[in-house]
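Report on the following structure.
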Amino acid sequence: MSTPDYLYDDDPQPLHAGPGRPRRGLLLALGAGTVAVAVAAVVALPLLTGSAEEQVTEVADVFTRALAAGDAETAWGLLCEDEQNRVQVDQVAADYLRPGTPSVGDPAEGERDGQRAEVVPVTWSAGGATVTVELTVIAEDGAKVCGIS
Numbered sequence: 006m007s008t009p010d011y012l013y014d015d016d017p018q019p020l021h022a023g024p025g026r027p028r029r030g031l032l033l034a035l036g037a038g039t040v041a042v043a044v045a046a047v048v049a050l051p052l053l054t055g056s057a058e059e060q061v062t063e064v065a066d067v068f069t070r071a072l073a074a075g076d077a078e079t080a081w082g083l084l085c086e087d088e089q090n091r092v093q094v095d096q097v098a099a100d101y102l103r104p105g106t107p108s109v110g111d112p113a114e115g116e117r118d119g120q121r122a123e124v125v126p127v128t129w130s131a132g133g134a135t136v137t138v139e140l141t142v143i144a145e146d147g148a149k150v151c152g153i154s
């Protein structure tokens, strides 16, 4: 038997170049990067969605403006599950709408059925007369209106 002819006089190269290098630095960098992204997400989330107080005020504002504009479906969609079960879409205005233009005040902490809630004063003004009611807003898949007093 004869040996095969090679293009060069060298022997064929082995299939593996040698033992692999440890990749501890790469693994540490990937771990540190993951932690950095997680921390950045936690810090950025309130900046993007607003604080809890801002969300409560926004929901109360959208809710009352929808009622004032006659958009009962939008207002009903901002009610908590218990209120949606109690009130039909066409009954929302009868329970929550007051005459005039709504103005939302600053929320205050409260409680509803043992659950943390925010109480938001809403002043309805029409022709010099004002009526102030308080909307109870709870956290339920986001801030939801869950009653009036």
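Going by this note's numbering, 59 is the number at position 54 of the sequence shown; the sequence numbering is gapless. Here a beta-carbon is modelled for each residue, glycine too, at the ideal position from N, C-alpha and C. Keep in mind that this is a model prediction, so the values were computed, not measured.
Relative to residue 150, the option among 26, 84 and 96 whose CA is nearest is 84. Of all C-beta pairs linking the segment 73–81 to the segment 133–143, fewer than three are shorter than 8 Å, placing the two stretches out of contact. Residue 142 is a Cβ neighbour of residue 64, given a cutoff of 8 Å. When only Cα atoms are considered, residue 103 and residue 113 end up about 21 Å apart.
When the five nearest sequence neighbours on each side are left out, the beta carbons in the same chain lying within less than 7 Å of the beta carbon of residue 98 are those of 72 and 77, in order along the chain. Rounded to whole angstroms, the gap between the alpha carbons of residue 82 and residue 32 is 47 Å. Beta-carbon to beta-carbon, residue 145 and residue 86 are separated by about 6 Å, close enough to satisfy the 8 Å threshold. If the five residues before and after residue 147 are omitted, its C-beta is found closer than 6 Å to no C-beta atom of its own chain.
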